[in-house]
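Q: What follows is a single structure, and I will ask about it in a moment.
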Amino acid sequence: MTEATAKPANFIEKIIDEDLSSGKHQSITTRFPPEPNGYLHVGHAKAICVNFGLAQQFGGQCNLRFDDTNPEKEEDEYVQAIQDDVKWLGFEWGGDIKYTSDYFDQLHQWAIDLIKAGKAYVCDLSAEQAKEYRGNFEKPGTNSPFRDRSVEENLELFEKMRLGEFDEGACGLRVKIDMAAPNMSLRDPYIYRIKKATHHQTGDKWCIYPSYDFAHGQSDSIEGITHSVCTLEFADHRPLYDWFIENLDTPAEPHQYEFGRLNINYTVTSKRKLRALVEGKVVNGWDDPRMPTISGMRRRGYTPASIRNFCDSLAVAKTDGTVDVAQMEYFIRDDLNQNAPRAMAVLNPLKVVLSNMQDDHEETLTVPYLFDSEGEARTELGERDVPFSNELYIDHADFKEEYSKKFKKKFCVGKRIRLRHGYVIEADGFEKDADGNITQVNATLIENTLGCDPADDIKPKGVVHWISAKHAVEAEVRSYARLFNDANPDGGDKDFMDCLTPDSLVVTKALIEPALANAAAETVFQFEREGYYVADRFDHSADKPVFNLTIGLREDRSLAN
RNA sequence: AGGGGUGUAGCCAAGCGGUAAGGCAACGGGUUUUGAUCCCGUCAUGCGUAGGUUCGAAUCCUGCCACCCCUGCCA
């Protein structure tokens, strides 16, 4: 037997394997540490899948920790939304939700320890002066004139900072490392700054807050994180991360590992830019279906499994590439193709009148929601009634005035077509309005073709989806195109706002089969021969059906001109 | 006195001295009551580049080149 080729282990999995087999760790703990200053996007989805995935794979746990060290930018709305997104994606965090702010007391004590050890000092340099003293890539920095304050003075000053006796920016606590270090993050970084802002967790208890660098590794240590996985831009901070662990009496020695963040073409994955789209009203909120946010993808009809499968297909490596959006689209189509119920909806209705039937002809067809790749019915999603009558609607695009080879599967006068799940009909003629638009097709139903081929052996070449005119239900359909029409809206000197697709949202009316109106919100259907559409999470109801385009079916490229 | 990271097909990527996995995309063909799905096939004499070591190099060595990140009291 040939065994399926296992996915090769990535470098972090190899490290964990070694750490476990060498006995360095008995079990592993990871963490996903978002800052609650915006909604999670598909890049975070990768980080979530990596961190929670590693924990699952090695039988460990993954904590959800809100990295809330900057009260000016963070809000409770985001901590709620982030939890929802993580849960929706299908992950469970270990224990209670964690907040870096849970550790503010301990962090404050560690800062005092550093001062007592003569390793930290209160610096009165203004932000501007500090920048000058820091030097630049070519030039080493200069020691702050406040670097040699006594331990007593530093202790006193830091306490005054805590008590709110100084204005924001008047001073900050810095750690004494090396102003000439080639790694800029080691040039006496600030570890505590004054921010007289109310914190969403700690309220007004503090007016000084630890920096990311001072908080992150120590928080990992407190939580017993064994493998602290983050993105590449933090690699330069690793020496600092290690410095704090070495110089502080921390309960454990976690280690940081970095991998390349996810970039996707035709989109942006930067909270700053996403926020600009929301605040500039380019989209209708963080969960607009065009947004690459997790909540936006959810509203678009992406399933948790499709996002997880996509993320699992991505490399955890140190390369910094841009994935083709087609790769993501593949995974949503793949999931929906296997699991989405099929139904019929006509987007651009064209009336078809069957002349050889009674005016009031009506019958009910029973059609399964799902089929396998062989075309056999699958029963797990059941079936529904599809009304059929002598007046139908098909899509305008499926009727052609003149036959041509390219339209061999379309409906033309003198040609037959199969009504999907129904009968074969033949077009006899059509009517036009004053502007030359085709307004109606007159056709004949071929008897005894339900579920079988015509007796005369003249099989139709094509199949069309359709709706019984008198049973059709009107629905709002929201068609979405890529938000950006530039493959790299983030790139170069471009302003991503100049790369917006003009009409990325088009709202139209469509006719849907009755069963679709009763769909539960967030159910994704394949509108046969069109694409996948989801009943809008918030706006859909039986009285006013609303469907969002998730993604179209793949199209035969040879048909495109 | 700069530091850190990365270069394998259109995109992502495995490979760790023994003769270039896999996925996406693309392109042929077959099946089909969805022009979808499904099935079959094609797609790097080549691994940023120039040298060197070796019986043998994408893998080791040296030099060059390109791209990304770092000079917040953001994360």
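Residue numbers for the first sequence follow our numbering, so the first one is 1168 and each next one is one higher. A virtual CB, placed ideally from N, CA and C, is assigned to each residue, including glycine. Keep in mind it's a predicted model, so treat the numbers as computed, not measured.
Cutting at 8 Å between CB atoms, please list the residues of its own chain near S1188, excluding the five before and the five after it.
A: Result list for S1188: empty, nothing under 8 Å.
Q: Please confirm whether E1695 and H1632 have their CB atoms less than 8 Å apart.
A: Yes, the pair counts as a contact, with Cβ atoms nearer than the cut-off.
Q: Which value, in whole angstroms, describes the spacing of the CA atoms of W1373 and R1442?
A: For W1373 and R1442, the distance between alpha carbons rounds to 28 Å.
Q: Between V1217, D1660, R1329, which lies nearest to Q1276 when the distance is taken from Cα to Cα?
A: Taking only the C-alpha atoms, the option nearest Q1276 is R1329.
Q: Go through its chain and collect everything with a Cβ distance to A1636's Cβ below 8 Å, but skip five positions before and after it.
A: For A1636, where only same-chain residues beyond five positions count, the Cβ hits under 8 Å are K1518, S1556, E1558, L1559, Y1560.
Q: For N1728, which residues from the same chain have a beta carbon less than 6 Å from its beta carbon, with the 5 sequence-adjacent residues on both sides left out?
A: Legend: pLDDT at N1728 = 49, less than 50; position of this residue unreliable, value from coordinates given subsequently. Once the five neighbours on either side are set aside, N1728 has no close Cβ partner at all.
Q: Using the Cα positions of R1724 and I1718, report the straight-line distance between them to the nearest angstrom.
A: Approximately 16 Å, taken between the alpha carbons.
Q: What is the rounded straight-line gap between the Cα of L1716 and the Cα of E1641?
A: Taking the straight line from one Cα to the other gives about 16 Å.
Q: What are the boundary residues of the beta strand (DSSP E) that includes D1539?
A: Segment: none, D1539 is in no beta strand (DSSP E) and carries neither H nor E.
Q: Compute the Euclidean distance between the alpha carbons of D1657 and I1375, then round it to the nearest angstrom.
A: When rounded, the distance between both Cα atoms is 35 Å.
Q: Could you tell me the distance, in whole angstroms, from the CA atom of L1672 to the CA atom of N1655?
A: Going from the Cα of L1672 to the Cα of N1655 covers about 20 Å.
Q: So is I1625 buried or exposed if we call it buried at 16+ other beta carbons inside 10 Å?
A: Answer is exposed; the Cβ neighbour count stays below 16.
Q: Suppose contacts are defined by Cβ-Cβ distances below 8 Å. Is D1280 in contact with L1415 by that definition?
A: Contact: yes.
Q: I need the straight-line Cα distance from D1653 to F1199, nearest angstrom please.
A: One C-alpha to the other measures close to 31 Å.
Q: Using three-state DSSP, classify T1267 as helix, strand or coil.
A: Reduced to three states, the DSSP call for T1267 is helix.
Q: Measure the beta-carbon distance from M1511 to E1722 and round it to whole angstroms, keeping in mind my assumption that it falls under 8 Å.
A: Actually they are not in contact, since the Cβ atoms of M1511 and E1722 sit about 19 Å apart, beyond 8 Å.
Q: Just mark M1664 as buried or exposed, buried being the case when its beta carbon has 16 or more other beta carbons within 10 Å.
A: Counting Cβ neighbours within 10 Å, M1664 comes out exposed, since fewer than 16 surround it.
Q: Ordered along the chain, which non-local residues of its own chain (more than five positions away) have a Cβ less than 7 Å from that of R1405?
A: Within the same chain, R1405 has close Cβ partners Q1423.
Q: Identify which residue in L1521, V1435, D1243, T1470 has its Cα closest to the Cα of T1489.
A: Among L1521, V1435, D1243, T1470, the Cα nearest to that of T1489 belongs to V1435.
Q: Taking the beta carbon of P1356 as the centre, do at least 16 other beta carbons fall within 10 Å, making it buried, or is it exposed?
A: Counting Cβ neighbours within 10 Å, P1356 comes out buried, since at least 16 surround it.
Q: Would you kindly work out how many angstroms separate the C-alpha atoms of T1169 and P1175, rounded to a whole number?
A: The predicted model places T1169 with a pLDDT of 37, which falls under 50 and marks its position as unreliable; any figure quoted below should be read in that light. Rounded to the nearest angstrom, the two C-alpha atoms are 17 Å apart.
Q: At the level of alpha carbons, what is the spacing between D1623 and I1592?
A: Straight-line Cα distance between these residues: approximately 13 Å.
Q: Report back the beta-carbon spacing between V1396 and N1230 to the nearest angstrom; my notes put them in contact at under 8 Å.
A: Actually they do not touch by this definition, with Cβ atoms about 12 Å apart.
Q: According to DSSP, is N1604 part of a helix, a strand, or is it coil?
A: Correct three-state label for N1604: coil.
Q: By DSSP, does A1709 sit in helix, in strand, or in coil?
A: Here A1709 sits in coil by DSSP.
Q: Three-state secondary structure (DSSP) at W1633?
A: Three-state result, W1633: strand.
Q: So, with DSSP's three-state summary, where would you put Y1408?
A: In the structure shown, Y1408 sits in a helix (DSSP, three-state: H, G or I).
Q: With DSSP as the reference, identify every bridge partner of E1730, one or two as the case may be.
A: Outside the shown range of the chain (1168 to 1728) lies residue 1730, about which nothing can therefore be said.
Q: Within 10 Å of its beta-carbon, does G1468 have 16 or more other beta-carbons around it, so buried, or fewer, so exposed?
A: Looking at its Cβ environment, which holds 16 or more other Cβ atoms inside 10 Å, G1468 is buried.
Q: Tell whether a beta-carbon distance below 8 Å holds between I1215 and T1393.
A: No, they are not a contact pair.
Q: Classify A1682: buried if its beta carbon has 16 or more other beta carbons within 10 angstroms, exposed otherwise.
A: Classification of A1682: buried, given that the 10 Å Cβ count is 16 or more.
Q: Please state whether DSSP places I1179 in a helix, a strand or coil.
A: I1179: helix per DSSP, three-state reduction.
Q: Residue range of the beta strand (DSSP E) that N1321 falls in?
A: Taken as a continuous stretch (DSSP letters only), N1321 belongs to no beta strand (DSSP E), being part of the alpha helix (DSSP H) at 1318–1329.
Q: Going by beta-carbon coordinates alone, are I1179 and L1221 separated by less than 8 Å?
A: Yes, these two residues count as a Cβ contact at 8 Å.
Q: Which word fits K1711, buried or exposed, when buried means at least 16 other C-beta atoms lie within 10 angstroms of its C-beta?
A: Under this definition K1711 is an exposed residue.
Q: Taking the beta carbon of C1666 as the centre, do at least 16 other beta carbons fall within 10 Å, making it buried, or is it exposed?
A: C1666 comes out buried.
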